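Worksheet for the structure shown next.
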Amino acid sequence: MCKVIVKEPEKHIGFILTNHLYSRKPRIFTLKEIIEEMKQYNIVNRDNEIIAEINDLLAHHLAIPTIIRPNNTIGYRYIA
0 MCKVIVKEPE KHIGFILTNH LYSRKPRIFT LKEIIEEMKQ YNIVNRDNEI IAEINDLLAH
60 HLAIPTIIRP NNTIGYRYIA
């Protein structure tokens, strides 16, 4: 595995999100979790952009909606 340094993370949210989800175990997540985890990449106050990227993953069938138990929370499973 290699480390990629992105100088302007706010311009590359899709790239960072995709790589983060690919390396994440488990690959099931909620919007709240991902928005919080993206802070480690200095991506803050970009909730709408993160949601748009997740919607793009859904549209391309790289993520699917799922129910996360025991709270019956709506989440997503990254399947790429």
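Position one of the sequence shown corresponds to residue 0 (numbering that gives the first Met the number 0), numbered consecutively onward.
Idealized CB from N, CA, C, for every residue including glycine.
Treat the numbers as computed from the prediction; the structure is a model and nothing was measured.
Between the region 12 to 29 and the region 51 to 64, the count of C-beta pairs closer than 8 Å reaches three or more; the two stretches touch.
The closest CA to that of R76, considering only V5, R23, I4, is found on R23.
The continuous stretches of beta strand (DSSP E) do not include Y40, and DSSP gives it neither H nor E. Here DSSP, grouped into helix, strand and coil, assigns P64 to strand. Under the DSSP assignment, I33 falls in the alpha helix (DSSP H) whose first and last residues are 30 to 36. In the same chain as R45, and ignoring 5 residues on each side of it, the C-beta atoms closer than 8 Å to its own belong to E9, I12, M37, in chain order. Note that the C-beta distance between I49 and I66 is not below 8 Å.
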